[in-house]
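Colleague: Here the protein sequences line up with chains A and B, keeping their order.
Taking the working numbering, the leading residue of the first sequence gets 1, the next gets one more, and so forth.
Taking the working numbering, the leading residue of the second sequence gets 206, the next gets one more, and so forth.
For every residue, glycine included, the Cβ atom is placed at its ideal position computed from N, Cα and C.
Protein chains: 2
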Amino acid sequence: MSLDHILLGLLREPASGYDLKRLFDERIAHFWAAELSQIYPTLKRLEGRRWIRSRSAASMRGPRKRLYHLTPEGRRELVSWLSGPPRYGDERFSYLAQLFFMGELGDLNRTLRFLRGLREHFTAKLAALRSLERMWGDADPRYPDRLPDEDLHVHLALRKGLLSLEAHVSWCDESIARVAARAPDHGRGRRSRVVRKSDNRRLHE
Amino acid sequence: MSLDHILLGLLREPASGYDLKRLFDERIAHFWAAELSQIYPTLKRLEGRRWIRSRSAASMRGPRKRLYHLTPEGRRELVSWLSGPPRYGDERFSYLAQLFFMGELGDLNRTLRFLRGLREHFTAKLAALRSLERMWGDADPRYPDRLPDEDLHVHLALRKGLLSLEAHVSWCDESIARVAARAPDHGRGRRSRVVRKSDNRRLHE
DNA sequence: GCGTCCATGTAAACGGTTACATGATTGC
DNA sequence: GCAATCATGTAACCGTTTACATGGACGC
């Protein structure tokens, strides 16, 4: 149950459910996501286990909030999770499943559009991550080589996101080139279309 | 619902639930996984929707099996899924969450062991994918440049797995080097030993 | 006064995992 | 005869998503 432990990790500094959601979106989005509707009940469960405790507190803006903070038991639980072996969940990529079967359509131009869509998506995520890195770098003159050990770990996790996304984009480029070389109109514009014999091979009806 | 559509895609050739499980493990494992206990009820549901139909058939080895095959409606559904936009599910990586908070432990040697564990895991998966690629290449003299368009798509999906895993391993190497440079014993065994840079550079197993 | 953000939740459904159960056939 | 593999399922649970619901505080 990673969400539990991520919340414990984040709660080294007291925070409300709403705060935690913001932390997820700002700092953690590249390897985990959580909705408020999941965060709130989870916090209650963690409090039931005595891993966190809460108190009411004023907000700077808006109504009062419920501030959660870690207990010693919670800290012990966090450490035990961190000390354990790496947890791999099996990765599922719907878009690869689509690509895998896309030969069915018998339309390379469609594949090309699909791949360009992927590339756009990945470059956008990459840009977001890079700007996150830049913000961090600007705020801390020690970034990245002289960061304290603790922040080094955060940096490594971020690097994983960057390298992964760069690889995603490279793969898109490689794939687009490969498909474009075969596509009748080299994947450009909708004009200059040559009739191929493979036109018969389509599956739809 | 990707599993539904993956099953439709695989059922271009008639197959039983058990057959489909083997296909998942053999050809699809790098972007999707499914258990038999999920496959069987899903097949029933798909049959309820008239996207597939089944008949009983003899097996080469073992008891009789229930062979499923695609209906025209199922084929239409498959095509509509393939024609739609790429489906991104948000990716979650527990091991990155662990790394992110691992500064808590204040023990770089532990981080180092963790990263080496990751590297081992990824190289093993990479080796498996490479052997899958090799098997494919050996079986088809057209591989990879003169593959028919349909198989090209399968190849592209496989390439994504390869490039991704290579990036994962590179990231591990980079991270290990960075942490080892700070760790009290250079991250080598119990005796302190100097790290040569050539130690990191092997990616190929 | 109205919209936006702050803040906290509940309920139903969904997709997937784990554990359990059963039995046929084949090869040794 | 026994183990391994082939084959098909059910039940309980878990983590997550989607939709719904409510209301306070602040800025314009």
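Which partner residues of K65 of chain A appear in the DSSP bridge assignment?
Modeller: A:A57
Colleague: Identify the contact partners of G294 of chain B in chain A, using a Cβ-Cβ distance below 8 Å as the criterion.
Modeller: R92, F93 and S94
Colleague: Output needed in chain order: residues of the stretch 174 to 185 of chain A with a Cβ under 8 Å from some Cβ in chain B.
Modeller: E174, S175, R178, V179 and R182
Colleague: Would you call the stretch 155 to 171 of chain A and the stretch 372 to 385 of chain B in contact, with 3 or more CB pairs under 8 Å?
Modeller: Three or more pairs of CB atoms, one per stretch, sit closer than 8 Å, so the stretch 155 to 171 of chain A contacts the stretch 372 to 385 of chain B.
Colleague: Fully enclosed by the stretch 86 to 116 of chain A, which beta strand (DSSP E) runs are 3 residues long or longer?
Modeller: None, since the stretch 86 to 116 of chain A contains no complete beta strand (DSSP E) of that length.
Colleague: Could you give the first and the last residue of the continuous alpha helix (DSSP H) run that contains T247 of chain B?
Modeller: L241 to G253
Colleague: Give the DSSP-derived three-state secondary structure of L163 of chain A in the structure shown.
Modeller: helix
Colleague: Please name the residue in A:R116, A:S83 and A:L46 whose C-alpha comes closest to that of F319 of chain B.
Modeller: A:S83
Colleague: Rounded to whole angstroms, how far is the Cβ of G103 of chain A from the Cβ of H210 of chain B, which I believe are closer than 8 Å?
Modeller: Their Cβ separation, rounded to whole angstroms, is 14 Å, which puts G103 of chain A and H210 of chain B out of contact at 8 Å.
Colleague: Suppose the cutoff is 7 Å on Cβ atoms and the five residues either side in sequence are ignored; what does the same chain contact list for K330 of chain B look like?
Modeller: L370
Colleague: Excluding the five sequence neighbours on either side, which residues of its own chain have a C-beta within less than 6 Å of the C-beta of N314 of chain B, listed in chain order?
Modeller: A388
Colleague: Which of helix, strand or coil does DSSP assign to A382 of chain B?
Modeller: helix
Colleague: Please report the straight-line C-alpha distance between A332 of chain B and K21 of chain A, rounded to a whole angstrom.
Modeller: C-alpha separation (whole angstroms): 38 Å.
Colleague: Given that A33 of chain A touches chain B, what residues does it touch there, using C-beta distances under 8 Å?
Modeller: D295 and R297
Colleague: In chain B, which residues lie less than 8 Å from R159 of chain A when you measure between Cβ atoms?
Modeller: W376, E379 and S380
Colleague: Report all residues from its chain with a CB closer than 7 Å to the CB of A263 of chain B; omit the five preceding and five following residues, and keep chain order.
Modeller: R269
Colleague: Taking only beta-carbon positions, decide if I211 of chain B is within less than 7 Å of chain A.
Modeller: yes
Colleague: Under 7 Å between C-beta atoms, does F306 of chain B make it to chain A?
Modeller: It does: the Cβ of F306 of chain B has a partner Cβ on chain A nearer than 7 Å.
Colleague: In the DSSP assignment, find the unbroken alpha helix (DSSP H) run with L27 of chain A in it and report its ends.
Modeller: The identity of residue 27 of chain A in the sequence shown is Arg, whereas the question assumes Leu. Here R27 of chain A belongs to no alpha helix (DSSP H), and DSSP marks it neither H nor E.
Colleague: With 16 other CB atoms within 10 Å as the buried threshold, where does G342 of chain B fall?
Modeller: exposed
Colleague: Quick check: what's the CA-CA separation for H360 of chain B versus R217 of chain B?
Modeller: 18 Å
Colleague: For a quick check, are the C-beta atoms of G117 of chain A and P291 of chain B less than 7 Å apart?
Modeller: yes
Colleague: Kindly list, in the order they appear in chain B, the residues whose Cβ is closer than 8 Å to that of W81 of chain A.
Modeller: Q303
Colleague: Is it a yes or a no for the stretch 346 to 358 of chain B touching the stretch 298 to 306 of chain B, going by three-plus beta-carbon pairs under 8 Å?
Modeller: The answer is no - the stretch 298 to 306 of chain B does not touch the stretch 346 to 358 of chain B, with fewer than three Cβ pairs under 8 Å.
Colleague: Would you say L275 of chain B reaches chain A, if we count a Cβ-Cβ gap shorter than 7 Å as a contact?
Modeller: no
Colleague: Strictly below 8 Å CB to CB, what residues from chain A border P291 of chain B?
Modeller: In chain order: S94, Y95, Q98, F114, G117, L118 and H121.
Colleague: Of the residues B:E379, B:G214 and B:R347, which one's Cα is nearest the Cα of L275 of chain B?
Modeller: B:G214
Colleague: Go ahead and label G74 of chain A buried or exposed: buried means 16 or more other beta carbons lie within 10 angstroms of its beta carbon, across all protein chains shown.
Modeller: buried
Colleague: So which residues of chain A does D356 of chain B contact, with C-beta pairs closer than 8 Å?
Modeller: G103
Colleague: State the Cα-Cα distance for the pair M60 of chain A and D224 of chain B, rounded to the nearest angstrom.
Modeller: Between M60 of chain A and D224 of chain B, the alpha-carbon positions lie close to 59 Å from each other.
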